[in-house]
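In this note's numbering, the protein residues as written are 14 to 281. This report concerns only the one structure given below.
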Ligand SMILES: *[C@@H]1O[C@H](CO)[C@@H](O)[C@H](O)[C@H]1NC(C)=O
């Protein structure tokens, strides 16, 4: 690249106005691929055009073809010739920055495809860059399955764009006591055994969220607690009863003793 530029800047002028050719002109799309667009919003594609000092952009053309190649051919979306002074917005499609920026308002699924921006120099040499554009899909078909052998739960999602996974146990965020979540969020490694209670996987993206719950056997901790409490209560009651009985008996005997004494005293 550096060498190419060097050639452009240093050698091209020496070649006495000889056109630098397509090697010096370059175009690339700056958007990160694939570009995902939410239906109804605007698609904005930004191209970067570089050329040598002797070159001139004479035309910028934006085209689209389907990604699968099934639907027929290329569709020309916008063209910008000369200095691009009088670019007229064509309905939803408009060009800005001398044709380097393509904007399509009210995006729909039909606008998906492979976009191509072609730059033509004054000598007619063409350079093209491509960019895949797809609809930003909502989250679909969330499901949770269990991997018994590895004590893990796996969350699946069908075709949503950029899904983010999060987990809940009994509607509370996962704690270390319950388990740990894999880096991509799709797998929950359950640390407690056996797996019990309700595990919910929530999948979200910019268009919303969807959730699925895996229901294991009820957790026993609550039941155990109640049992322990009942047993404690019974033991306490028994103990109390025995104590009360012992006290009552002692009281009775001591009374009888006193009465005996009294009786003896009377007789003396
Ligand atoms: C369970 O998880 C392990 C490790 O991730 C994997 O190798 C195995 O295929 C999984 N089993 C099932 C039935 O999905």
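Where a beta carbon is used, it is the ideal one built from N, C-alpha and C, also for glycine. None of these values were measured; they are calculated from a predicted model.
Cβ atoms of residue 174 and residue 38 stay farther apart than 8 Å, at about 34 Å. For residue 61, the enclosing beta strand (DSSP E) covers residues 56-63.
Within its own chain, the residues whose Cβ lies closer than 6 Å to the Cβ of residue 154, once the five positions on either side in sequence are excluded, are 171, listed in chain order. Counted as a single uninterrupted DSSP element, the stretch harbouring residue 38 is not any beta strand (DSSP E), since DSSP gives it neither H nor E. In the three-state reduction of the DSSP assignment, residue 216 falls in the strand class. Beta-bridge partners assigned by DSSP to residue 252: none are found.
When the five nearest sequence neighbours on each side are left out, the beta carbons in the same chain lying within less than 6 Å of the beta carbon of residue 213 are those of 181, 224, 226, in order along the chain. Taking all protein chains shown into account, residue 166 has 16 or more neighbouring C-beta atoms within 10 Å of its C-beta and is therefore buried.
Nearest to residue 230 by alpha-carbon distance, out of 178, 77, 90, 207, is 207. Going by C-alpha positions, residue 244 is about 22 Å away from residue 259.
Contact fails between the stretch 176-193 and the stretch 68-81, because fewer than three Cβ pairs, one in each stretch, are under 8 Å apart.
Taken in chain order, the stretch 165-217 contains no complete alpha helix (DSSP H) segment of 4 residues or longer.
In the three-state reduction of the DSSP assignment, residue 105 falls in the coil class, being assigned neither a helical nor a strand state. Note that the C-beta distance between residue 58 and residue 128 is below 9 Å.
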